[in-house]
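Peer 1:
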Amino acid sequence: MVFTLIVKLELLNEEGIPTMKTKLVEYAESYRKDQGTLAWHVHQDKKEPKKFMIMERYESPTSIAIHKANPSFATFAPFLEEIKLAQPYELGMYDEL
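In terms of this note's numbering, the sequence shown opens at residue 728 and continues consecutively.
#1: CB Met780 to CB His794, shorter than 7 Å?
#2: Which residue's Cα is closest to the Cα of His827: Glu809, Lys735, Glu823, Pro745?
#3: Would you report the Cα separation of Tyr816 and Ile733, rounded to the nearest angstrom?
#4: Which residue's Cα is closest to the Cα of Tyr790: Gly743, Leu807, Met747, Ala766?
#5: Return helix, strand or coil for Met782, following the three-state DSSP convention.
#6: Per DSSP, what kind of secondary structure is Ala792 in: helix, strand or coil?
#7: For Val734, which residues does DSSP report across the bridge?
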């Protein structure tokens, strides 16, 4: 069963937008190579450019362990702390029907 994560992020300041875009694209390129990862897409809100959404699709919930073992995973939380979010990120977990 396909398992999907939706992560919503909002920056505190617009100054961080270029860095956020660059880093999220870098993370996407890395994570897409992980075994069990079907998709890892980054989106930016058209009306509110400080808002981003990540859609992660995995073969199954067990594929998350491979994702967490990716060396990039250890740098993601510190990056979010450094870039300064307006609020804690929102995480949704879904089973594809």
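Even for Gly, the Cβ is constructed at its ideal location relative to N, Cα and C.
Peer 2: Quick look at the numbers:
#1: Position 53 of the sequence shown holds residue 780. Position 67 of the sequence shown holds residue 794. Annotated as distal: Met780 and His794, with beta-carbon spacing of 7 Å or more.
#2: As displayed, the chain neither begins before 728 nor continues past 824, which places residue 827 out of reach and without an answer.
#3: For this step, residue 816 is matched to residue 89 along the sequence shown. For this step, residue 733 is matched to residue 6 along the sequence shown. The alpha-carbon atoms of Tyr816 and Ile733 are separated by roughly 10 Å.
#4: Taking the sequence shown and counting its residues from 1, the one referred to as residue 790 is at position 63. For clarity, residue 790 is Ser in the given sequence; the question names Tyr instead. Checked all of Gly743, Leu807, Met747, Ala766; the closest Cα to Ser790 is Ala766.
#5: Numbered from 1 along the sequence shown, position 55 holds the residue referred to as residue 782. In the structure shown, Met782 sits in a strand (DSSP, three-state: E or B).
#6: Here residue 792 refers to the residue found at position 65 when the sequence shown is read from its first residue. Assigned with DSSP and collapsed to three states, Ala792 falls in helix.
#7: As a working note, residue 734 is residue 7 in the sequence shown. Val734 is bridged to Ile781, Leu818.
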